[in-house]
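Step one of this worksheet: look at the structure below.
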Amino acid sequence: MRYLSTRDTSLQFQAEQTIVQGLSRDGGLFTPESLPVLAGGAIDQLRGMTYQQRAVHIMSMFLDNFSSEELTGYAQKAYEGFDSDAVAPVYSVDGKTHFLELWHGPTCAFKDMALQMLPYLLTASLKKTGENKTACILVATSGDTGKAALEGFKDVPGTKILVFYPKDGVSQIQQLQMTTQEGGNVGVCAVVGNFDDTQTGVKALFSDPELRERLEAKQSFLSSANSINWGRVLPQIPYYVSAYCDLLNRGAVEPGKPFNVCVPTGNFGNILSAYYAKQMGIPISRLICASNSNNVLTDFFRSGSYDKNRRFFTTTSPSMDILISSNLERLLFHLSGGNDAEVRGYMDNLSKTGFYTASQTVKEALSDLFYAGYCDDTVTARRIKEVYEGNGYLIDTHTAVAYDVLEQYRRDSGDNTAAVVVSTASPYKFCDSVLSALGVLDHERGVSIIGQLSDLTGTKAPAPLTALRDKEVRFTQVVEKDDMIRAVNGMLT
Ligand SMILES: *Cc1c(COP(=O)(O)O)cnc(C)c1O
């Protein structure tokens, strides 16, 4: 399997090379040249497997130079710390609505599904490509990615990781998760500014030639754990395959009969993986893209025009507060028939004017495959309450957005096919908003809020979050947004 840059298909690499490079040097994203298809009978085989075995089966179809034995070892280690043996269990609230819980990993959000796997893929890729410098991973986070990357890379030989987060832009639980991080190769630093400032600062570090030279002299180079890396998208495909197998096994879907998938979307990585699962032969009928008030994707899917020139909202589902969905570029590449010039045109327009309009062909493909919708914070809160009171099932804000958009779809289309709602975070990660949604407005502050949610609902808080109470804060550095190099110098050079 070869991987091509979405902006220049003459740039072609093997998987291990794309995982080491992260982003293509022309700014494009590495994308598989063609998609493997699950052969007849494969599903029957997969139905009898564990999650780890299913992941190995799917990933090996994309990774020519990795053996099944290697991948089996990675899958065992990546998912052993999860607090569910099923790794990604499906919780059915009724005969047609099924929540795919992707938050049983060490940081309680779906980022763990890929970021627990990426370090194994990256270190193996470094070996396979003969790279023996230390990979210095820089991350800008709005909350979930930073912690998941820290947990994934802590004490991984041959790597160091430094995470920047906006000083007042993450939840208190998220901040504590990061500042108490253990490990000898990790660093965490707050930036005075918002997430955009932080992200811009990290991008500037990546293109700083002087920094590159100094790292080179220390046998090091900069690398990324961002969702543009193919090594982050690939480990997300298996859970869609796994959900289908689980639904078949419990008789919720008949073999070969379609089902819908609804994904709370930010950078478009998660729903892109669902698209890949569909192309591989999983009978997903409609891909439902759910947004919060930052509804740039809803407008795009409905009109065919992408316009990021709009007001930015800070919402109760912060991991979806994003106006540039990077992974959409991969979808455009596939739907344009692999037309790199066309994709380059879209992305040039986006960076120059913040706007582009998809071709007629792409527009038609988009409306065949996708439905898109959004809801605001008030509706999000109402859905949390409704699902909790109606089904005794507690969901987080991001998942609630997806649930609402699924209901919008059902109402608009009359299509009541079984649907998988992708549940991307534990409700305990957003205690504040969840308690307010349940009607508790004067809630506690700090870590004790976790106990309050647990007492109120009789649900069990995830152990990694309750453990925060006794953790020592290790990282207190704060830098100005144009002084992030100071943190880098302190740790990496
Ligand atoms: C990152 C994240 C999302 C958005 O996922 P994308 O792959 O960026 O679309 C949704 N919900 C939660 C809880 C997240 O952490």
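Sequential numbering from 1252 applies to the sequence shown in our numbering. For each residue, glycine too, the CB sits at the ideal point set by N, CA and C.
Proximity test, residue i beta-carbon vs ligand 1 heavy atom, cut-off 8 Å
i	result
I1539	no
F1621	no
K1362	yes
G1517	yes
T1348	no
I1522	yes
A1676	yes
H1694	no
G1420	no
G1273	no
G1502	no
G1397	no
V1547	no
H1649	yes
N1480	no
I1535	no
N1578	yes
G1624	no
I1573	yes
S1699	no
G1356	no
V1514	yes
S1570	yes
G1434	no
G1394	yes
Collapsed DSSP secondary structure at residue i in the structure displayed
i	result
D1459	coil
A1503	coil
T1374	helix
P1283	strand
F1350	strand
D1619	helix
D1558	strand
S1256	strand
F1317	coil
T1717	helix
L1262	strand
A1360	strand
Y1342	strand
M1531	coil
F1574	First, the amino acid is wrong: residue 1574 is Leu here, not Phe. Looking at L1574 - three-state DSSP - the assignment turns out to be coil, as it is neither helix nor strand.
A1592	helix
F1519	coil
Q1367	coil
C-beta atoms of residue i and residue j nearer than 9 Å
i	j	result
T1668	S1524	no
T1567	N1543	yes
Q1728	A1441	yes
T1430	R1725	yes
V1341	E1352	yes
L1280	S1577	yes
F1519	L1601	no
K1454	Y1491	no
L1456	L1389	yes
S1474	C1387	yes
Y1527	F1510	no
M1531	I1488	yes
V1271	L1373	yes
N1521	F1361	yes
G1438	D1406	no
T1380	K1411	no
I1680	L1645	The question names Ile, but residue 1680 in the sequence shown is Lys. Contact flag unset, no.
P1486	A1329	yes
M1252	S1285	yes
D1663	Y1625	no
S1764	A1676	The chain is shown from 1252 up to 1744; residue 1764 falls before or after that span and cannot be answered.
S1376	A1266	yes
Strand pairing of residue i, partner residues [DSSP]
i	result
S1475	L1389
I1412	I1388, V1437
D1706	Per DSSP, none; premise fails for D1706.
V1442	P1417, V1730
C1513	I1539, V1672
T1211	The displayed coordinates of the chain run from 1252 to 1744. Any statement about residue 1211 would go beyond what the structure contains.
G1624	A1541
Any non-hydrogen atom of ligand 3 closer than 8 Å to residue i Cβ
i	result
G1403	No copy of ligand 3 occurs in the structure displayed; its ligands are ligand 1 alone.
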